[in-house]
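Plus 336 on top of the position in the sequence shown (first one is 1) and you've got the working numbering.
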Amino acid sequence: EVSRFNAKQVPERFVDIAKAMGIDTAAMTQEQAVNAALEAIDALSEKVGTKQRLADLGVTEDKLAFMAQNALNDACSLTNPRKASLEEIVAIFKARM
């Protein structure tokens, strides 16, 4: 979900990711190449076992706002290509429930 969120801000990076993952993007539009990269990321996540739902990890919906606030306060958020609001982070978490 984070990749989908960020792809809107830096689609060219996701075109590069598609190419790095061996996808031939020559005949694709930027949007098609971005979607191909996102699908490849999802497939890799599934293959290596990192595509999990938050609920499977014991997270409950009442914890999402707290988790989102912690994400906003994390120093890593400063380098994210797209700045997110608390509500956007909660929405990303909800999508992974």
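A virtual CB, placed ideally from N, CA and C, is assigned to each residue, including glycine.
Keep in mind the model is a prediction, meaning the values are calculated, not measured.
- Within 10 angstroms of the beta-carbon of V384 lie fewer than 16 other beta-carbons, which makes it exposed.
- The beta carbon of L422 lies closer than 7 Å to those of A404, Q405 and L408 in the same chain, with the five residues before and after it left out.
- Residues L390, L400, M403 and A404 of the same chain have their beta carbon placed closer than 7 Å to that of F429, with the five preceding and five following residues left out of the count.
- Rounded to whole angstroms, the Cβ separation of L374 and S413 is 21 Å, and the two are not in contact under 8 Å.
- Around the C-beta of A369, 16 or more other C-beta atoms lie within 10 Å, and the residue is accordingly described as buried.
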